[in-house]
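The numbering of the sequence shown is numbering that gives the first Met the number 0, which starts it at 0 and goes up by one. Here is the structure we will look at.
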Amino acid sequence: MDVLIHLVVGLHIIGIASLLGGFLTQLKAMGEGTARYTPAMLHGALTMLVTGVALVGLNQADGNTVDNVKIGVKLALLVVILGLVYVKRDDEGVGKGLFALVGGLTTVNVFIAVLWT
């Protein structure tokens, strides 16, 4: 079971990298006011959602304790991120505030995962 959990954690990290990497590649465009949500950002957020839910289930099935409050906060942030990226995915440009919000929430989500014990 540990190998499967580690494999899903690796996929979760790939999702985070896709979402945050897509954001970082658009920083220059954000400064110019032409930033847009890329398909990589949408796919990264979806990957994070699917693998995150799988990780909770796998850890509970393995008998590990899961901090439901932490998972709930992370899920709430991810739902906001996913909602913004999904709704605005076809827009030619996204406002600086909304675009920065996705990057900020993603970063907060990473720090919650790492620092909240």
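C-beta atoms are modelled at their ideal positions from N, C-alpha and C, and glycine is treated no differently.
Nearest neighbour of residue i, chosen from the options [CA to CA]
{"i": "T50", "options": "P38, T64, H11, V78", "result": "H11"}
{"i": "R88", "options": "P38, M0, E31", "result": "P38"}
{"i": "K73", "options": "V2, A112, G102, I4", "result": "A112"}
{"i": "L6", "options": "L114, N58, W115", "result": "N58"}
{"i": "L140", "options": "K27, Y36, G94", "result": "This structure leaves residue 140 out entirely; the chain is present only between 0 and 116."}
{"i": "V55", "options": "V8, G32, G92", "result": "V8"}
Close-in-space but distant-in-sequence residues of the same chain around residue i (CB under 6 Å, 5 per side omitted)
{"i": "L19", "result": "T105"}
8 Å contact criterion, which residue i and residue j should meet: CB distance rounded
{"i": "A34", "j": "V84", "result": "Rounded, the Cβ-Cβ distance is 12 Å, inconsistent with contact."}
Cβ neighbours of residue i in the same chain (closer than 7 Å, five flanking residues each side left out)
{"i": "H42", "result": "S17"}
Rounded C-alpha distance that separates residue i from residue j
{"i": "L76", "j": "N108", "result": "7 Å"}
{"i": "T46", "j": "G14", "result": "5 Å"}
{"i": "V86", "j": "W115", "result": "30 Å"}
{"i": "F110", "j": "N63", "result": "21 Å"}
Sequence-distant residues of its chain with Cβ nearer than 8 Å to residue i (five each side left out)
{"i": "F22", "result": "M40, F98, V101, G102, T105"}
{"i": "M29", "result": "K95, F98, A99"}
9 Å Cβ cutoff met for residue i and residue j
{"i": "I4", "j": "D66", "result": "no"}
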